[in-house]
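Chains as they are written, first to last, in this note's numbering: chain H, 1 to 424; chain G, 1 to 79.
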């Protein structure tokens with residue numbers, strides 16, 4: 001990547017008007033709307049503690065004042081605020097509210113790019129109903145009236161500053177960042193407030209004396225490139241307001257680069273056999289999703305997290321493209337065998353497939369392998385897919401799952417998928 | 001207090017769904033004399049959001065909400 005790709009000055013002759021709308025404390029706001037009796041109390045939506053998913057997923061403004069943070073475990077949050085009311089998540093409800101918000105957005109533009117359930121970019125450049133602020137104000141009021149929750153909206157000439165704007169003032173606020181004020185608003189902020197500056201990038205930047213977004217903007221691009229590689233170009237462009245990435249069209253599908261599932265198990269996995277049970281379930285889900293999309297993959301990745309929360313991942317390239325559950329599972333389990341000695345029990349594992357081609361592309365047969373066996377496996381997978389689609393996930397399963405229902409009784413395929421896809 | 005209610009409704013020729021009468025749980029039936037307004041709205045009082053019908057019932061204005069496929073009203077009764 002070079003800077004010419006990031007700075008495309010001729011592409012947009014006049015400045016675009018981009019909005020980034022962010023529903024404040026989304027899950028908690030929706031819960032508070034539906035439970036008027038707890039609306040004035042500290043409330044957090046949290047995962048299931050018994051199944052060890054007990055982290056804070058969202059909190060309301062009152063809980064926020066106690067210093068409760070998204071991602072911290074429930075007991076830590078309760079130390080800060082003993083009266084904290086924790087509610088289990090209701091993802092179907094949140095999906096409905098997300099859809100209702102998008103219905104409102106669609107009255108202003110068809111260029112709507114969701115970023116998770118609660119955030120979205122809108123390109124309202126071609127809207128003749130008013131300037132960015134006026135449209136943002138109208139959306140903000142309509143969401144409050146029609147959905148009963150609040151949004152913060154950033155208005156700017158690119159997606160990065162619009163997102164920055166929606167985070168700048170919360171809750172229920174509108175921030176306009178234009179060419180005349182971005183140096184005053186964006187540049188004094190810490191470097192990690194910029195999209196894609198995470199902990200590791202922040203550390204590298206701090207090591208060379210870069211602490212603010214303004215520092216990034218005013219550092220030589222070569223220095224940033226030396227420190228961060230191609231990310232250096234990217235964040236230099238972001239910090240200077242050069243981002244020209246378009247807001248995707250409402251019905252466009254983002255290109256799928258990988259398909260994966262992971263889970264934190266109710267009890268630690270102490271042996272290879274425990275991992276095998278969970279891996280059977282995860283691979284079944286990943287491969288069914290891959291077949292539904294009509295893909296075959298050539299690479300498998302596993303990620304493992306032990307009970308001390310150390311995480312690592314390993315990848316393996318397959319000799320040929322496949323979408324057979326048995327092939328992917330075998331590769332994933334081999335990776336576990338080769339890379340983990342069970343010195344510490346595992347808390348969570350994940351598997352992902354990537355490097356796709358479409359499954360209708362003709363492929364070279366292998367004379368050294370039993371292709372009939374391959375065809376039999378394909379038929380088997382297809383049959384199992386149909387059975388599960390018609391009669392539910394648990395209608396048929398490998399015998400290995402029957403021995404350990406504590407580890408195998410979950411359904412990653414039909415669980416919620418609410419995480420944002422990558423921005424890039 | 002949010003109270004889900006049984007409702008008789010019709011589709012008109014344009015495909016609009018219009019409530020006709022509400023049944024209370026003690027079998028009382030309330031005819032909707034007129035629908036004054038239909039819009040998306042939330043109800044902070046009852047706790048919910050959906051399509052809000054402003055209905056005239058026995059000379060009184062009442063809100064009736066369609067939330068997904070269920071109807072609710074804001075009731076003064078405690079459950």
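Backbone N, C-alpha and C define an ideal beta-carbon position, used for all residues, glycine too.
Please read these numbers as outputs of a predicted model, since none were measured by experiment.
Kindly indicate which residue of H/374, H/152, H/27 has the alpha-carbon position closest to the one of residue 88 of chain H. H/27
So, are the CB atoms of residue 176 of chain H and residue 155 of chain H less than 8 Å apart? yes
For a cutoff of 8 Å on Cβ pairs, would you count residue 3 of chain G as touching chain H? At a cut-off of 8 Å between C-beta atoms, residue 3 of chain G does not count as an interface residue with respect to chain H.
Could you name the residues of the segment 44-63 of chain G whose beta carbon sits closer than 8 Å to any beta carbon of chain H, in the order they occur along the chain? 44, 45, 46, 47, 48, 49
For residue 42 of chain G and residue 182 of chain H, I'd like the C-alpha separation in whole angstroms. 36 Å
Any residues in the segment 127-155 of chain H with a beta carbon nearer than 7 Å to a beta carbon of chain G? Which ones, in chain order? 145, 146, 147, 148
Residues of chain H with a CB under 8 Å from the CB of residue 68 of chain G: which are they? 96
Beta-carbon within less than 7 Å of residue 333 of chain H's beta-carbon, same chain only, minus the 5 sequence neighbours each way: which residues are those? 276, 279
In this structure, how does DSSP classify residue 74 of chain G when only helix, strand and coil are distinguished? When secondary structure is reduced to three states using DSSP, residue 74 of chain G falls in the strand class.
Beta-carbon separation (whole angstroms), residue 153 of chain H vs residue 21 of chain H, contact threshold 8 Å: 5 Å
May I ask you to report which of helix, strand or coil DSSP gives residue 374 of chain H? helix
Is DSSP giving residue 244 of chain H helix, strand or coil here? coil
Per-residue DSSP class, three states only, for residue 187 of chain H: coil
Can you tell me whether residue 188 of chain H is buried or exposed? The criterion is at least 16 other CB atoms within 10 Å of its CB, across all chains shown. exposed
What residue from H/178, H/133, H/100 has the CA that sits closest to residue 14 of chain H's CA? H/178
Outcome for residue 256 of chain H when other beta-carbon atoms lying within 10 angstroms are tallied against a minimum of 16: Here residue 256 of chain H is exposed, its C-beta having fewer than 16 other C-beta atoms within 10 Å.
Tell me, please, whether the CB atom of residue 75 of chain G is closer than 8 Å to any CB atom in chain H? At a cut-off of 8 Å between beta carbons, residue 75 of chain G makes no contact with chain H.
For a quick check, are the C-beta atoms of residue 286 of chain H and residue 408 of chain H less than 8 Å apart? no
Let me confirm a value: residue 319 of chain H is counted as buried when at least 16 other C-beta atoms fall within 10 Å, else exposed. Which label applies? Residue 319 of chain H counts as exposed, since fewer than 16 other beta carbons sit within 10 angstroms of its beta carbon.
Inter-residue CB distance, residue 191 of chain H and residue 215 of chain H (contact presumed, cutoff 8 Å): 7 Å
Name the DSSP bridge partner or partners of residue 269 of chain H? Beta-bridge pairing links residue 269 of chain H to H/346.
Just the C-alpha distance for residue 348 of chain H and residue 411 of chain H, rounded to the nearest angstrom, thanks. 15 Å
Between the alpha carbons of residue 2 of chain H and residue 222 of chain H, how many angstroms are there, rounded? For residue 2 of chain H, the pLDDT reaches just 48, beneath the cut-off of 50, and the residue's location in the model is therefore unreliable, leaving the point undetermined.
Determine the direct distance from the alpha carbon of residue 41 of chain H to that of residue 82 of chain H, and round the result to whole angstroms. 12 Å
Going by DSSP, name the residue or residues bridged to residue 230 of chain H. Residue pairing of residue 230 of chain H in beta bridges, as defined by DSSP: absent, with no partner found.
Using the three-state DSSP reduction, which class does residue 277 of chain H fall into: helix, strand or coil? helix
Over what stretch of residues does the alpha helix (DSSP H) that includes residue 8 of chain G continue unbroken? Per DSSP, residue 8 of chain G belongs to no alpha helix (DSSP H); it is in the beta strand (DSSP E), 2-11.
Which residue marks the beginning of the beta strand (DSSP E) containing residue 397 of chain H, and which one marks its end? Segment: none, residue 397 of chain H is in no beta strand (DSSP E) and carries neither H nor E.
By the three-class DSSP mapping on this structure, what secondary structure does residue 261 of chain H have? strand
Once the 5 residues before and after residue 377 of chain H are set aside, which same chain residues still bring their CB inside 7 Å of it? Within the same chain, residue 377 of chain H has close Cβ partners 324, 326.
What are the boundary residues of the beta strand (DSSP E) that residue 91 of chain H is part of? Where residue 91 of chain H is concerned, there is no enclosing beta strand (DSSP E), although the alpha helix (DSSP H) it sits in stretches over 91-105.
Near-chain H residues of the segment 21-44 of chain G (beta-carbon distance less than 9 Å), N- to C-terminal order: 39, 40, 41, 42, 43, 44
Cutting at 6 Å between CB atoms, please list the residues of its own chain near residue 356 of chain H, excluding the five before and the five after it. 295, 297
Whole-angstrom Cβ separation of residue 299 of chain H and residue 354 of chain H, contact assumed at under 8 Å? 5 Å
According to DSSP, simplified to helix, strand and coil, what is residue 249 of chain H? Here residue 249 of chain H sits in coil by DSSP.
Report the start-end ranges of each beta strand (DSSP E) in the segment 297-341 of chain H that is 3 residues or longer and not cut off at the edges. 311-322
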